[in-house]
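Each residue of the sequence shown is one higher than the one before, counting from 1 in UniProt numbering.
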Amino acid sequence: MKREEFMQAALAEAKKAQALGEVPIGCVIVHQGQIIGRGHNLRETTQQAEKHAEMIAIAQANQVLDSWRLPEAELYVTLEPCPMCSGAIINSRIAKVYYGAADEKAGTAGTLMNLLTDPRFNHQVKVQKGLLQAECAQILSDFFANLRKK
């Protein structure tokens, strides 16, 4: 699969969140060309603050590899990671993050700051922003436009 196809898989996860009335953010984790973790936002459904798409996908990938370390993994997420998710990405030693839309309010992979490449941490993550940016931004803007109408 190509990078765009992995981001399409993350968008499919975002649509699952949207169907539940959740903010439509989706994530997949890829290891050796295979998706080993999938997640979408479940904060409202579970009433648990840490149920972000990335956190769910990381937990699944940890289980698949039977390791908390994911050093050869790539993470694809539709919205730039927040501080919590960036911390989990660093701590799980993920190699690279691809994200679609920038998060002007909470993005810590280059927008507000870049925790993922900060040399003060014991692990740095390569970041590529803007992968399928238009599609990733559109699903979010449509969701919030519909929410405002209600």
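Positions of the beta carbon are idealized from the N, C-alpha and C atoms, including for glycine.
Fill in: Gly-33 in three-state terms, based on DSSP
To locate residue 33, count along the sequence shown from 1; it is residue 33. Coil, per DSSP.
Exercise for review: Could you tell me the boundaries of the alpha helix (DSSP H) in which Val-23 lies?
Suggested key: Along the sequence shown, read from residue 1 onward, the residue named residue 23 stands at position 23. Bounds of any alpha helix (DSSP H) do not take in Val-23, whose DSSP letter is neither H nor E.
- Task: Report the partner residues of Asn-114 according to the DSSP bridge assignment.
- Result: Counted from its first residue, the sequence shown places residue 114 at position 114. BP columns for Asn-114 point to Ala-109.
* When burial is assigned at 16 or more other CB atoms within 10 Å of the CB, is Met-113 buried or exposed? -> Taking the sequence shown and counting its residues from 1, one reaches residue 113 at position 113. By the neighbour-count criterion, in which 16 or more other beta carbons inside 10 Å mark a residue as buried, Met-113 falls on the exposed side.
Beta-carbon spacing of Val-64, Cys-27 below 8 Å: Within the sequence shown, the letter at position 64 stands for residue 64. Within the sequence shown, the letter at position 27 stands for residue 27. No, they are not a contact pair.
Legend entry - Boundaries (first-last residue) of the beta strand (DSSP E) holding Leu-75: Locating residue 75 in the sequence shown gives position 75, counting from the first residue. Element bounds for Leu-75: 74-79.
- prompt: Which residue's Cα is closest to the Cα of Arg-43: Ala-53, Trp-68, Arg-120?
  reply: One-based indexing of the sequence shown puts residue 43 at position 43. Looking at the Cα atoms, Ala-53 is the closest of the given residues.
Selected residue, minimal CA-CA separation from Gly-37, among Leu-70, Lys-149, Glu-22, Thr-46: What you label residue 37 is simply residue 37 of the sequence shown in a count that begins at 1. By alpha-carbon distance to Gly-37, the top candidate from Leu-70, Lys-149, Glu-22, Thr-46 is Leu-70.
Practice prompt. Quick one: which unbroken alpha helix (DSSP H) runs of 4-plus residues sit fully inside the stretch 44-96? Chain order, please.
Written response: Counting whole runs of 4 or more residues, the stretch 44-96 contains the alpha helix (DSSP H) stretches 53-65, 83-91.
Can you find the residues in the same chain that come closer than 6 Å, C-beta to C-beta, to Lys-2, ignoring five residues on each side of it along the sequence?
In the sequence shown, residue 2 corresponds to position 2, counting from 1. Cβ neighbours of Lys-2 beyond the five flanking positions: none.
Proximal residues to Ala-14 (C-beta, below 7 Å), its chain only, five neighbours per side dropped:
Locating residue 14 in the sequence shown gives position 14, counting from the first residue. Cβ-Cβ distances below 7 Å link Ala-14 to Pro-24, Ile-25, Gly-26, His-40, Thr-78, Ile-139 in the same chain, with the five nearest sequence neighbours on each side left out; the list follows chain order.
**Asked** In chain order, what residues of the same chain have a beta carbon less than 6 Å from the beta carbon of Ala-59, not counting five sequence neighbours either side?
**Response** Position 59 of the sequence shown, counted from the first residue, corresponds to residue 59. There are no such residues.
* To do: Decide if Ser-67 is buried, meaning its Cβ has at least 16 other Cβ atoms within 10 Å, or exposed.
  => To locate residue 67, count along the sequence shown from 1; it is residue 67. Burial check for Ser-67: the Cβ neighbour count within 10 Å stays below 16, so the residue is exposed.
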